[in-house]
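A.B. asks:
In this note's numbering, the protein residues as written are 123 to 1120.
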């Protein structure tokens, strides 16, 4: 019996004993894998973390994880946590042994950015390629004297197998990646980096202007001239640029078809001579200005260029020891038709006896002029077909890098490694080769041939493909390459620094989006992969795949200019922090734009401008130190600015001139984006003073929708959204809304497929410059005006009771979300504080003119109705909502009313997309509300009310369901403003003078 019990007890112990042993002791591999996988944050969408192997060799334990584990954003705290976590699950007998955890070929502490502070990619450059002469601020803690190679993905290219030009990606959700990434880089990221002091090189045309004009020393005297002084003369140099052909084929290089001029520098202003280029301006607008020269032995590093433009003149010192033989960008400038765009080059220098060279000047972007045809060697080439060379027919800014680089004089080995056989591969390869050619011969790549530019880093901005069946985002991916055969840059700097750049930028994007608009934004991996664009450049390089252009949830963010600003600022901050650490200086982030701008008269010929700095909750260093006030007089352009230290600024003004102002904030990190533009004018025949309130702040993407998992997309016909300044990425409206339609080909991309009728157009957006346009009509009606922001009115910084006439600009203001974030709304037409200020103004006898496309819809039919706002519209402004999308004609006709001045005003307004003014595609239908309120206008197609006028005992209002500034004709705008203001005065009983101080 005892023996049986013993045997049973022994069997039980044998079965239970293993269960009592700690998990790590039973199966340390499984415990290690689980413990390290638990460190992955929820927002990190990187795939499954796995243990590759666990080895014990003597007193040393090695844990090797898969690549996915290396995608974690390692910092010192996470490294410590990883080691502590593994030790905690190890059997007790192993915990004292030396432990190494690795992933992606590196021990994880080496994955922390700047883990080895002694190996840095330092770049010293005391004279950058281009330096403004009269810069009002010095970004000493920004990117001063830095050179960055930056490009946006893809572009229009010639596909030889189809014998046609086409995009490299599909048209989806109203855009195509080839243009979509430009909408981040050109209007946002590039200016931010430039405002921080960097010079940005681009392998694609950066000017969207369709006009291009060339002036060259090989031309006649109408476009090129020289001055001389005694023995100081210009002499013939060697081979240079000449514009010999309208179309370039094969490997033609315009920079080898002409000559250049040269002379020696002088320090004596009296002996200085000039080379002068000038071309007629075909159309009013902003044009990029480029110069070309040659780098020769003894080149000067401070060639003095002067650009004459509508805002005055701008001078630059150009370092001709680098960048010779291509187009060097100086900046964008305003020119007017009939003027001569003029650029001068002087030989005046700080050092005598150096060589200054003069070649050509280019203004504008123009159309592509590189013609392509199917190669005779191509498998699809049919000997029976006569293939003609063809240009793209598209503006050059839409084209791929391969074509710009040929036009810009780069060797065929750079822009066409295939020697004309494959434009697709040439395009993605040429970008990396271009970086090395830029840097060739400089301190960062001294043993190579090139343009001698010390490039600090290279950055490629892409979007990706992929979809999710629900409302989640694909998110952001970073790509770099640490090398196989050669894992170092010059001076044995490890290519691992490219991972540090990638980690900093990706972390900054994720953190900023989580804290602002996209708390669930996914961060994908950091791929250490041999992509050509990451592998070839011999400087630190990152490829960013920001989001999926194929996924509706991603594109709800991606099509919104506010998101583009946030992402661009995050990328700029990541680049700044990387360069600062590599070169050992403390960084400062440029400030955010100022707000609460307001203007007023302080005397007959004096005015005051005031504003409020903006605190950046994401960046403690982004604090304004000073400000720059830019001034425009009349129909001119803004000047070079005035540096001020206070948030209040005064100046003298002259009567009958419209003055316009915008303000930027500056610090040691750089300059902010500009504020909105306010304007004012003191009329010499003043009947009164009108205060113009600019409440049109909205920038946003188009209306979007989805119905379960069946249909979804963007309804650009209902509301295109509001671009920041302009849109350069719209191809055409979406026509495929069925979510189950798969991608079959770029010509048949399934869900999200979009049209192509708009893809070469620049579409007008919010210029933030409408007080001047309203003001011109006000002045022509015989009134003076000042202007203010709606924020200043809402917070009582502008006292409306000082003015008996007010003009409220609502534009396309309406409440919208950003992406999928329904917890935060912006751009409400009448928020509670503004309603309160306006109601007080009206009840005190103020007369108010209001115009906007969503002046009623935003209160009645935009999400949750707002009863208090509706009552405000009914009882204070005396109008009510009839319908949204009230017309598609773009025409308004008068209707009989007691207010005779409106009875003969037929008007046309912009209701379709165009380059001149944003479109009011869905104007509001409104009706009068209450005694004394009458319909004064109707849309001509639907006969729905377009405007009302209310005359009360103490005040009057006029409300339009379309924006005043969208009226096409100056004459029609002037007539309508005259009618409104005169009727206000008639209601008041006389032309009562304003109580505004003189």
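Note that CB positions come from ideal geometry on N, CA and C, so glycine has one too. Keep in mind the model is a prediction, meaning the values are calculated, not measured.
From residue 646 to residue 166, what does the alpha carbon distance come to, in whole angstroms?
C.D. replies: Between residue 646 and residue 166, the C-alpha separation is close to 6 Å.
A.B. asks: If you measure between the beta carbons of residue 323 and residue 272, is that distance less than 8 Å?
C.D. replies: Yes, Cβ-Cβ distance for residue 323 and residue 272 is below 8 Å.
A.B. asks: Rounded to whole angstroms, what's the CA-CA distance from residue 1031 to residue 692? Just pull it up for me.
C.D. replies: Answer to the nearest angstrom: the Cα atoms are 38 Å apart.
A.B. asks: Can you give me the C-alpha to C-alpha distance between residue 308 and residue 155, rounded to a whole angstrom?
C.D. replies: Whole-angstrom Cα-Cα distance: 44 Å.
A.B. asks: Can you name the residues that DSSP bridges to residue 187?
C.D. replies: 173, 225, per the DSSP bridge assignment.
A.B. asks: To which residues of the same chain is residue 232 closer than 6 Å at the C-beta, ignoring the five residues directly before and after it?
C.D. replies: Cβ within range, chain order: n/a, list empty.
A.B. asks: I'd like to check one pair, residue 555 with residue 536: are the Cβ atoms closer than 8 Å?
C.D. replies: Yes. Within cutoff.
A.B. asks: Identify, in the order they occur along the chain, each residue of the same chain with its Cβ nearer than 7 Å to the Cβ of residue 443, setting aside the five sequence neighbours on each side.
C.D. replies: The residues are 417, 421, 423, 574.
A.B. asks: DSSP has residue 867 in a bridge; who is on the other side?
C.D. replies: Residue 867 pairs with 870.
A.B. asks: Short of 6 Å in beta carbon distance, which residues of its chain neighbour residue 1133, apart from the five on each side in sequence? Order them along the chain.
C.D. replies: What the structure shows of the chain is the stretch from 123 to 1120, and residue 1133 is not part of that stretch, so it cannot be assessed.
A.B. asks: If you run the structure through DSSP and keep just helix, strand and coil, what is residue 934?
C.D. replies: Coil at residue 934, not helix or strand.
A.B. asks: Can you tell me where the alpha helix (DSSP H) with residue 943 in it begins and where it stops?
C.D. replies: Unbroken run through residue 943 is the beta strand (DSSP E), 943-948; no alpha helix (DSSP H).
A.B. asks: Grab me the residues of residue 241's own chain with a C-beta within less than 6 Å of its C-beta, minus the 5 sequence neighbours each way, in chain order.
C.D. replies: Excluding positions up to five away in sequence, the list reads 615, 616.
A.B. asks: Name the two residues that bound the continuous alpha helix (DSSP H) containing residue 684.
C.D. replies: It spans 683-705 - the alpha helix (DSSP H) in which residue 684 sits, taken as one unbroken run.
A.B. asks: How far does the beta strand (DSSP E) with residue 67 in it extend, from its first residue to its last?
C.D. replies: One cannot answer for residue 67 here, as it falls past the ends of the chain, which runs 123 to 1120.
A.B. asks: Could you tell me which of 384, 373, 372 sits nearest to residue 357, measuring between CA atoms?
C.D. replies: Cα-wise, what sits closest to residue 357 is 384.
A.B. asks: List the endpoints of the continuous beta strand (DSSP E) containing residue 323.
C.D. replies: From DSSP, the beta strand (DSSP E) with residue 323 extends over 321-323.
A.B. asks: For the candidate residues 986, 985, 981, 1004, whose alpha-carbon lies nearest to that of residue 993?
C.D. replies: For residue 993, the nearest C-alpha among the options comes from 981.
A.B. asks: Looking at residue 382: is its Cβ nearer than 8 Å to the Cβ of residue 427?
C.D. replies: The answer is no: Cβ separation not under 8 Å.
A.B. asks: Beta-carbon within less than 8 Å of residue 1104's beta-carbon, same chain only, minus the 5 sequence neighbours each way: which residues are those?
C.D. replies: Within the same chain, residue 1104 has close Cβ partners 903, 1023.
A.B. asks: By DSSP, does residue 1104 sit in helix, in strand, or in coil?
C.D. replies: Three-state result, residue 1104: helix.
A.B. asks: Leaving aside the five residues before and after residue 722 along the sequence, list all residues of the same chain whose C-beta is less than 6 Å from its C-beta, in chain order.
C.D. replies: 730, 908, listed in sequence order.
A.B. asks: Looking only at its chain, what residues have a beta carbon closer than 8 Å to the beta carbon of residue 511, apart from the 5 residues adjacent to it on each side?
C.D. replies: The residues are 369, 371, 493, 494, 495.
A.B. asks: Can you name the start and end residues of the beta strand (DSSP E) that residue 955 belongs to?
C.D. replies: Residue 955 -> not in any beta strand (DSSP E); alpha helix (DSSP H) instead, spanning 954-965.
A.B. asks: Just verifying my parser: in three-state terms, what is the DSSP assignment at residue 922?
C.D. replies: In the structure shown, residue 922 sits in a helix (DSSP, three-state: H, G or I).
A.B. asks: Does the Cβ of residue 172 have 16 or more other Cβ atoms within 10 Å, making it buried, or fewer, making it exposed?
C.D. replies: By the neighbour-count rule (16 or more Cβ atoms within 10 Å), residue 172 is not buried but exposed.
A.B. asks: Taking the alpha carbon of residue 1068 as the point to measure from, which residue in 954, 1092, 1042, 886 has its own alpha carbon closest?
C.D. replies: Residue 1068 has its Cα closest to that of 1042, out of 954, 1092, 1042, 886.
A.B. asks: Grab the span of the beta strand (DSSP E) containing residue 600 for me, first residue to last.
C.D. replies: Here the beta strand (DSSP E) through residue 600 covers 598-602.
A.B. asks: According to the neighbour-count rule (16 or more other Cβ atoms, all chains shown, within 10 Å of its Cβ), is residue 824 buried or exposed?
C.D. replies: Under this definition residue 824 is a buried residue.
A.B. asks: Could you pull the start and end residues of the alpha helix (DSSP H) that residue 524 belongs to?
C.D. replies: Where residue 524 is concerned, the enclosing alpha helix (DSSP H) stretches over 523-529.
A.B. asks: Can you tell me which of 949, 708, 682 puts its alpha carbon nearest to the alpha carbon of residue 306?
C.D. replies: Looking at the Cα atoms, 682 is the closest of the given residues.
A.B. asks: At a cut of 8 Å, does the segment 767-780 reach the segment 659-674 through at least three beta carbon pairs?
C.D. replies: These segments do not touch.
A.B. asks: Could you check the C-alpha separation between residue 987 and residue 1015 for me, to the nearest Å?
C.D. replies: Cα-Cα distance, rounded: 30 Å.
A.B. asks: In its own chain, which residues sit with a C-beta less than 7 Å from the C-beta of residue 236, not counting the 5 before and 5 after it?
C.D. replies: Excluding sequence neighbours, residue 236 sits near 622, 703.
A.B. asks: When DSSP builds the beta bridges, which residues end up paired with residue 581?
C.D. replies: Partner(s): 272, 664.
A.B. asks: Comparing alpha-carbon positions, which option in 969, 852, 319 lies nearest residue 677?
C.D. replies: Nearest option by C-alpha distance: 852.
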